[in-house]
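Below is one structure, written out as structure tokens, with a few remarks after it.
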Amino acid sequence: MNDQPSLSELRAFAAIVGHRSFRKAADELGMSPSTLSHIMRHLEASLGVRLLHRTTRSLSPTEAGDRLMARLQTVLRDLDGALAEATTFAAQPSGRLRINAGEAGARILLAQVVPEFMKRYSDVELDLVTEGRLVDIVAEGFDAGVRLGESVPQDMVAVRFGGDARFIAVAAPSYLKGRKTPVTPDDLRHHACIRIRMPSGKPYRWEFERHGQEIVIDVPGHLTLDHPGLIVRAAAAGLGIAYVVERSAQPYLDRGELVILLDDWCPTIPGLFLYYPGHRHVPPALRAFIDLMKTVT
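The numbers in UniProt numbering rise by one with no breaks, and the one at position 136 of the sequence shown is 136.
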């Protein structure tokens, strides 16, 4: 080893492995991919070992890179916690707050929390990332995540907001005209359903419950979509029966463009939660965000 790696080089390496992409890591770190590539060459040279397998189509850590990353995650996490704890002595929260959320959660936060938060804490840079896939918020550098309670990892601290949620089956009156309205979930097997594709690529199976009886159905259908807004619109256009969060369908229900089916098979469930790691210090900006969220949602 010729010289000691710098903290910035180690953070750059962690970002690259976390994203499996030079471009995405460079975007996170606020530098060009070429600069990041130069940093990695210098790091590998200083350690005297190759850390990454790089091709034109893929990027992955070597065995040495895997071992370094396993140790480095804990070190950087502890360092970030120590630095965050030191900032609690500042008069106002500052720095960057990264939150990963699904679209529904982001919409609620943008409507009810974010405007007041930005007004109160102008020194905080809020980075709200919306995507369908459930990510490891620690590995990918987020301070918190937002998902339905059933999707929150058990080792996280979770704070509920936004009230209860309910998934409902809906259809347009034009679709139901001339067809037998489903009375039980099994009746959906004889209808055209708008299927839901999960971020993993697998179809989502519809879940119903009544009086303790649970039914899970892989519904039939010739149309598959992966965006809740498009699914609701497709149902309103008479293309089939959809299974959506009631909140997203409410405007169409109010206008009579959709009606609820199997109402007694669609109970409410605990809604959205903001969650964060419980084993490290909570950054002041995240604490301020949570405190405000509790009061306005």
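Just so you know, even glycine gets a beta-carbon here, dropped at the ideal spot from N, CA and C.
Contact between Ala12 and Ala25 holds: their C-beta atoms lie close to 7 angstroms from each other, under 8 angstroms. With a cutoff of 8 angstroms on beta-carbon distance, Thr62 and Leu51 are scored as near each other.
Between the stretch 218-227 and the stretch 195-203, the count of C-beta pairs closer than 8 angstroms reaches three or more; the two stretches touch. An exposed status is given to Gly48, since fewer than 16 other beta-carbon atoms sit within 10 Å of its beta-carbon.
Taking a contact as a CB-CB distance under 8 angstroms, the pair Phe161 and Thr297 counts as one, their CB atoms being some 4 angstroms apart. In the DSSP assignment, Phe161 forms a beta bridge with Leu272. When secondary structure is reduced to three states using DSSP, Asp263 falls in the helix class.
Straight-line spacing of the CA atoms in Val170 and Tyr252 works out to 10 angstroms. A contact is defined here as three or more CB-CB pairs under 8 angstroms, and the stretch 234-244 fails this definition with respect to the stretch 128-141. In the structure shown, Leu97 adopts extended strand secondary structure according to DSSP, grouped into three states.
A check of alpha carbon separations from Leu262 across Trp206, Ser122, Leu97 and Met156 identifies Trp206 as the nearest. Taking a 10 Å sphere around the C-beta of Val216, we find fewer than 16 other C-beta atoms and assign the residue as exposed. The Cβ-Cβ distance between Gln92 and Asp127 does not fall below 8 angstroms. Linking Met118 to Pro284 through their CA atoms gives a straight-line distance of about 14 angstroms.
For His19, the enclosing alpha helix (DSSP H) begins and ends at Leu7 to His19. Ala249 sits close to Ile168, with the two beta carbons spaced by under 8 angstroms. Burial check for His281: the Cβ neighbour count within 10 Å reaches 16 or more, so the residue is buried.
Taking a 10 Å sphere around the C-beta of His191, we find 16 or more other C-beta atoms and assign the residue as buried. Between the alpha carbons of Val114 and Val245 lies a distance of about 22 angstroms. DSSP lists no bridge partner for Ser34. Note on geometry: alpha-carbon atoms of Glu103 and Leu109 lie some 10 angstroms from one another.
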